[in-house]
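Written below as structure tokens is the structure these notes are about.
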Amino acid sequence: MRVLVTGGAGFIGSHFAERLLADGDEVVVLDKLTYAGNEASVPHAAEFHRGDVALREDVEAVGGVDAIVNFAAESHVDRSILGPTEFVRTDVLGALVLVQHAHERGIRLVHVSTDEVYGDVTAAVREDAPLRPSSPYSASKAGGDLQVLAAVRTFGVDACITRGSNTYGPRQYPEKLIPLFATNALDGQPLPLYGDGRQVRDWLHVQDHCAAIEVVLRSGAPGEVYNAGGGDERENREVADRILELTGADPSLLRSVEDRPGHDRRYALDSSKLRALGWRPERRFEDGLAETVAWYRDNRAWWEPLKSGEYRAFYERQYAERLRS
Ligand code: NAD
Ligand code: TYD
Numbered sequence: 152m153r154v155l156v157t158g159g160a161g162f163i164g165s166h167f168a169e170r171l172l173a174d175g176d177e178v179v180v181l182d183k184l185t186y187a188g189n190e191a192s193v194p195h196a197a198e199f200h201r202g203d204v205a206l207r208e209d210v211e212a213v214g215g216v217d218a219i220v221n222f223a224a225e226s227h228v229d230r231s232i233l234g235p236t237e238f239v240r241t242d243v244l245g246a247l248v249l250v251q252h253a254h255e256r257g258i259r260l261v262h263v264s265t266d267e268v269y270g271d272v273t274a275a276v277r278e279d280a281p282l283r284p285s286s287p288y289s290a291s292k293a294g295g296d297l298q299v300l301a302a303v304r305t306f307g308v309d310a311c312i313t314r315g316s317n318t319y320g321p322r323q324y325p326e327k328l329i330p331l332f333a334t335n336a337l338d339g340q341p342l343p344l345y346g347d348g349r350q351v352r353d354w355l356h357v358q359d360h361c362a363a364i365e366v367v368l369r370s371g372a373p374g375e376v377y378n379a380g381g382g383d384e385r386e387n388r389e390v391a392d393r394i395l396e397l398t399g400a401d402p403s404l405l406r407s408v409e410d411r412p413g414h415d416r417r418y419a420l421d422s423s424k425l426r427a428l429g430w431r432p433e434r435r436f437e438d439g440l441a442e443t444v445a446w447y448r449d450n451r452a453w454w455e456p457l458k459s460g461e462y463r464a465f466y467e468r469q470y471a472e473r474l475r476s
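Letter by letter, the sequence shown follows residues 152 to 476 of this note's numbering.
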């Protein structure tokens with residue numbers, strides 16, 4: 152197949168592009184190269200187009216493909232609290248443009264979504280649980296999902312949605328919990344833990360997440376939603392303690408700071424629908440986290456340049472006051 156991977160210069164999309172190429176597919180990457188996109192992450196064997204998924208003409212300029220997998224998104228909750236408009240543009244309008252394109256071309260769209268659309272939960276949820284997004288990010292992702300599902304129902308578009316849980320691994324931009332804490336620990340900088348640090352996330356290794364999306368691309372039923380949870384729930388403070396141990400950093404770097412507004416306490420997914428298609432996560436969190444921290448230790452050249460310029464401005468805005476008080 153010739154597959155359009157949107158957001159393929161980002162964290163999960165770039166691993167997914169590598170995976171399809173290894174399986175013998177052709178890959179075309181369309182990416183706007185926002186602060187989170189890195190052209191160096193796009194595999195050399197992929198065709199690269201710089202463009203915006205929310206612009207029809209940019210999507211049409213890519214030419215003929217057999218399927219689309221949409222990773223393009225504004226993806227960070229804290230940034231969505233600071234400024235939600237771009238999230239609506241890319242995560243809602245971008246999903247609409249792509250599902251319309253899939254309809255016109257008669258091709259499959261796999262839309263990559265998130266467990267955050269369900270809001271916080273007290274027990275593992277299935278795909279038919281109500282959407283109760285808490286943040287501007289998750290509200291935008293839910294809006295994208297609803298556009299895709301409406302196009303399935305109204306126009307019979309061949310589209311599937313995946314809802315993966317918190318993902319970690321090499322090449323994740325150092326604003327999310329694991330890469331932020333790993334790189335700060337390696338630099339002897341504080342690790343800002345929000346609130347009581349007892350919020351729970353269900354961690355999924357990036358390779359397992361990509362495997363889930365590939366199963367849906369190849370054998371998902373049209374119109375269906377599939378949860379993909381790591382099945383490895385951890386409190387944030389446990390993750391932080393483990394990162395301190397793995398880096399050998401001073402435990403006093405861990406700082407309890409003012410909580411994120413609207414912070415979801417727990418995400419947990421029932422992934423039995425996808426498991427029935429043969430998928431299951433293979434990486435244990437202990438091993439995956441140790442490998443990931445080792446990757447950040449060994450690849451300073453990848454992340455050090457990212458922690459300047461725009462990143463510094465974001466970091467100041469997000470953390471300076473929190474770390475002072
Ligand atoms: P990321 O922020 O690392 O990458 C996003 C990519 O999209 C970047 O390369 C960026 O340049 C590109 N992009 C942004 N706006 C664009 C636009 N308008 N047009 C074209 N490209 C654009 O994100 P990620 O962590 O790799 O997440 C990928 C997808 O997976 C997202 O849809 C996200 O919601 C979803 N997801 C992420 C996680 C996670 O823990 N990271 C978990 C579940 C689901
Ligand atoms: P994050 O990686 O931003 O993913 P999400 O909010 O999409 O789940 O955060 C994971 C958890 O870690 C979440 O409960 C918020 C918490 N967190 C901190 O305590 N401090 C931080 O600096 C960050 C970025 C996250």
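Cβ coordinates follow ideal geometry from the N, Cα and C atoms, glycine included.
Can you tell me whether DSSP reads residue i as helix, strand or coil?
i      : result
Leu420 : strand
Ile312 : strand
Ser407 : strand
Ile219 : strand
Ala379 : strand
Thr273 : coil
Pro325 : coil
His200 : strand
Thr135 : Residue 135 lies beyond the range of the chain shown here (152 to 476); nothing can be said about it.
Val367 : helix
Val213 : coil
Val193 : coil
Tyr462 : helix
Glu384 : strand
His414 : coil
Pro343 : strand
Arg435 : coil
Glu278 : coil
His356 : strand
Thr289 : Note that residue 289 corresponds to Ser in the displayed sequence, not to Thr. Ser289 falls in the helix class under three-state DSSP.
Thr443 : helix
Tyr186 : coil
His262 : strand
Arg349 : coil
Glu225 : coil
Leu206 : coil
Arg153 : strand
Glu177 : strand
Under 7 Å from any heavy atom of the ligand NAD, does the C-beta of residue i make it?
i      : result
Tyr269 : no
Ser226 : yes
Asp102 : This structure cannot settle anything about residue 102, because the visible part of the chain is limited to 152 through 476.
Asn450 : no
Asp182 : yes
Asp203 : yes
Lys424 : no
Thr265 : yes
Gly188 : yes
Tyr324 : yes
What does a CB cutoff of less than 8 Å around residue i pick up in its chain, not counting 5 residues either side in sequence?
i      : result
Gln251 : Arg207, Ala302
Return yes when the C-beta of residue i is under 7 Å from any heavy atom of the ligand TYD, and no when it is not.
i      : result
Lys458 : no
Leu328 : yes
Gly161 : no
Arg314 : no
Gly439 : no
Gly320 : no
Gly348 : yes
Tyr345 : yes
Asp229 : yes
With a threshold of 6 Å on Cβ separation, who are the neighbours of residue i within its own chain once the five nearest residues in sequence on each side are excluded?
i      : result
Gly381 : Ser316, Asp353, Trp354, Leu355, Pro432
Glu177 : Arg153
Asn335 : Leu342
Ala196 : Leu172
Gln469 : Asp229
Val366 : Leu428, Trp430
Asn526 : Because residue 526 is not part of the residues shown, which for the chain are 152 to 476, the question remains open.
Ala290 : Pro284
Ala333 : Ile394, Val444, Tyr447
Arg411 : Tyr345
Ala187 : Gly161, Tyr324
Glu198 : Val179
Ala400 : Ala336
Looking only at its own chain, which residues have a Cβ that is under 7 Å from the Cβ of residue i, when we skip the five neighbours before and after it?
i      : result
Pro414 : According to the sequence displayed, residue 414 carries His and not Pro. These residues qualify, in order along the chain: Tyr345, Gly346, Gln350.
Ala492 : With the chain running from 152 to 476 in the structure shown, residue 492 is simply not present.
Phe306 : His254
Ile364 : Phe167, Val220, Val261, Val263, Thr313
Quiz item: Are at least three pairs of beta-carbons, each pair with one atom in the segment 229–244 and one in the segment 204–216, less than 8 Å apart?
Solution: yes
Quiz item: If we count Cβ pairs, one from each stretch, closer than 8 Å, do we get three or more for the segment 273–288 versus the segment 322–329?
Solution: no
Quiz item: Using 8 Å as the Cβ pair cut-off and three pairs as the minimum, do the segment 341–351 and the segment 291–305 touch?
Solution: no
Quiz item: Per the contact definition of three or more C-beta pairs closer than 8 Å, is the segment 283–298 in contact with the segment 388–407?
Solution: no
Quiz prompt | the segment 180–187 contacting the segment 372–387, beta-carbon criterion three pairs below 8 Å | solution = no
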